[in-house]
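Q: Please see the structure below; I have some questions.
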């Protein structure tokens, strides 16, 4: 006698092993259709998704990107199974190094994680402020460039020509070597006792610090050099600023390069610039450079509103305050106090940075408008912020940063 349907169901319940295969199939189905994959890290998911887009080829890449970005959870399981190629990993690492840094791309600032940037033939376009009309105008400009190269016989290779050229302001800047310019320093952060309460490890560059402030590190990381013609009014103002920076212990090494008339026949008896240089050297013999600059500035204070200073005024002040010294021995043509008379002018000729006054930070000339106006501190701070990422990168990579990024 055959068992009824009811008895068959009863037997199945008593013997669940008959349902094992069905249960396994159901579990597999649930796992394969899970909306979220918790065992794959987010970074790995993004890398696998990138590999999926690359595998689709150029024609379908945008459609795939759109589908994954809008419906990522439903594709998470299949994306996790993508095998990421070595070439893609290397490409991603290179992009992160170039674009996800403070230095950024040569035409745009560094991108933060999660931000996007559109490039058209290497031109960075801000997607947040971009409109279609601007994009069309840029495309038309590039089309005219391409047509011009085509007329000259260049085809697609013109792109490699353009991308190999350096147009950005950052790449066009250069640093000058000032170490042979008869430079006098007011301080030395590496050795001076006044900075002993600061820590001196270069790894402090990697620690977070207050925005708009320079880290107090007892190392000559930033060298601020004032190239001044003491006979000129703006230069005299910069000499005051140089001493003020020293006095307030700004974490910069302060240096001076005096630019005066280097004619051997010209002496401090008839030339104001040479006379101030002679006075500075005379004062520095029995004191320090910063103390000598302080006294020179105090002497110049009485002429602060004048564009020109007569050497006779310097003579009167000197004879009143240093009556025991011979005026002609200090300011005459055969003086021993003419150190730096020729080096400053020679430095300007060789460096071709223009006329004094100039201010250099680690060899990079600061903007003239920034050093002669009321924004001197802001100009210096902006340059420090620009150079700091280079030092940080060098410290991280263990590079000999001291020989490449600053001069002592």
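Numbering (our numbering), first residue to last: 4 to 411.
C-beta: ideal position from N, C-alpha, C; glycine also.
Source: prediction; values computed, not measured.
Helix, strand or coil for residue 142, going by three-state DSSP, please let me know.
A: Helix, per DSSP.
Q: Any idea what DSSP makes of residue 253, helix, strand or coil?
A: Residue 253 falls in the coil class under three-state DSSP.
Q: Where do the ends of the beta strand (DSSP E) carrying residue 379 lie?
A: It is not in any beta strand (DSSP E) - residue 379 instead sits in the alpha helix (DSSP H) that spans 379-400.
Q: Count the other CB atoms within 10 Å of the CB of residue 194; is the residue buried (16 or more) or exposed (fewer)?
A: When all chains shown are included, residue 194 counts as exposed.
Q: Indicate the three-state DSSP secondary structure (helix, strand or coil) for residue 367 in the structure shown.
A: If DSSP states are grouped into helix, strand and coil, residue 367 belongs with the strands.
Q: When you compare only the Cα positions, how much space is there between residue 88 and residue 51?
A: Between residue 88 and residue 51, the C-alpha separation is close to 9 Å.
Q: CA-CA distance, residue 94 and residue 211?
A: Taking the straight line joining both Cα atoms gives about 29 Å.
Q: Leaving out five residues on either side along the sequence, give the residues of the same chain with a beta carbon under 7 Å from the beta carbon of residue 64.
A: Around residue 64: 56.
Q: Look up residue 318 in the DSSP assignment and give the residues it is bridged to.
A: None; residue 318 has no bridge partner.
Q: At what residues does the beta strand (DSSP E) containing residue 226 begin and finish?
A: It spans 226-231 - the beta strand (DSSP E) in which residue 226 sits, taken as one unbroken run.
Q: In the DSSP output, which residue or residues are listed as bridge partners for residue 188?
A: DSSP, once it has assigned bridges, lists 258 as partnering residue 188.
Q: Grouping DSSP H, G and I as helix and E and B as strand, with all else coil, what is residue 306?
A: Coil.
Q: Could you tell me if residue 397 is buried or exposed, where buried requires 16 or more neighbouring beta carbons within 10 angstroms of its beta carbon?
A: That one is buried.
Q: Under the DSSP definition of a beta bridge, which residues are partnered with residue 361?
A: Per DSSP, 230.
Q: Since residue 256 and residue 283 are thought to touch, with beta carbons under 8 Å apart, how far apart are those beta carbons, to the nearest angstrom?
A: No, residue 256 and residue 283 are not in contact; Cβ-Cβ is about 18 Å, not under 8 Å.
Q: Exposed or buried, which one is residue 249 when buried takes at least 16 other CB atoms within 10 Å?
A: Residue 249 should be labelled buried.
Q: Compare the Cα-Cα distances from residue 340 to each of 278, 395, 121 and report the closest residue.
A: Minimum Cα distance to residue 340 is reached at 278.
Q: Kindly indicate which residue of 189, 251, 240 has the alpha-carbon position closest to the one of residue 223.
A: It is 189 whose Cα lies nearest to the Cα of residue 223.
Q: Can residue 232 and residue 360 be called in contact, C-beta distance under 8 Å?
A: Yes, Cβ-Cβ distance for residue 232 and residue 360 is below 8 Å.
Q: With DSSP as the reference, label residue 272 as helix, strand or coil.
A: Residue 272 falls in the coil class under three-state DSSP.
Q: Give a yes or no on whether the C-beta atoms belonging to residue 228 and residue 177 are separated by under 8 Å.
A: No, the Cβ-Cβ distance between residue 228 and residue 177 is not below 8 Å.
Q: Below 8 Å, can you find three or more Cβ-Cβ pairs linking the stretch 135-146 to the stretch 319-332?
A: As far as the Cβ criterion goes, the stretch 135-146 does not touch the stretch 319-332, which means the pair count is below three.
Q: Taking Cβ positions, are residue 363 and residue 179 nearer each other than 8 Å?
A: Contact: yes.
Q: Please list, in chain order, all residues of the same chain as residue 266 whose beta carbon is under 6 Å from its beta carbon, the five residues on each side excluded.
A: Here the set comprises nothing.
Q: Please state whether DSSP places residue 176 in a helix, a strand or coil.
A: Three-state result, residue 176: coil.
Q: Where does residue 220 sit, in a helix, a strand or coil, going by DSSP?
A: Of the three classes helix, strand and coil, the one that applies to residue 220 here is strand, per DSSP.
Q: Tell me which same chain residues have a C-beta within less than 7 Å of the C-beta of residue 285, skipping the five on either side of it?
A: Only 333, 340 meet the Cβ criterion.
Q: Hey, out of 99, 289, 365, 128, whose CA is closest to residue 394's CA?
A: Ranking the options by Cα distance to residue 394, first place goes to 365.
Q: Run the CB neighbour count on residue 172, radius 10 Å, all protein chains shown included, and call it buried at 16 or more, exposed below.
A: Only weak support is given to the placement of residue 172: the predicted model assigns it a pLDDT of 49, under 50, and the question is left unresolved by the model.
Q: Between the beta-carbon of residue 350 and the beta-carbon of residue 245, is there less than 8 Å?
A: Against a cut-off of 8 Å, the Cβ pair of residue 245 and residue 350 comes out as no contact.
Q: Taking C-beta to C-beta, are residue 292 and residue 276 nearer than 8 Å?
A: Taking 8 Å as the Cβ cut-off, residue 292 and residue 276 do not qualify as a contacting pair.
Q: Could you tell me which of 230, 317, 357, 218 sits nearest to residue 388, measuring between CA atoms?
A: Looking at the Cα atoms, 218 is the closest of the given residues.
Q: Applying the 10 Å Cβ sphere with the 16-neighbour rule, what's the burial state of residue 86?
A: Its Cβ having fewer than 16 others within 10 Å, residue 86 is exposed.
Q: In its own chain, which residues sit with a C-beta less than 6 Å from the C-beta of residue 259, not counting the 5 before and 5 after it?
A: The residues are 187, 229.
Q: Could you tell me the distance, in whole angstroms, from the CA atom of residue 253 to the CA atom of residue 206?
A: If I take the Cα positions, the gap works out to 19 Å.
Q: Residues in the same chain with beta-carbon distance under 7 Å from residue 385, minus the five sequence neighbours each way, listed in chain order, please.
A: Excluding positions up to five away in sequence, the list is empty.
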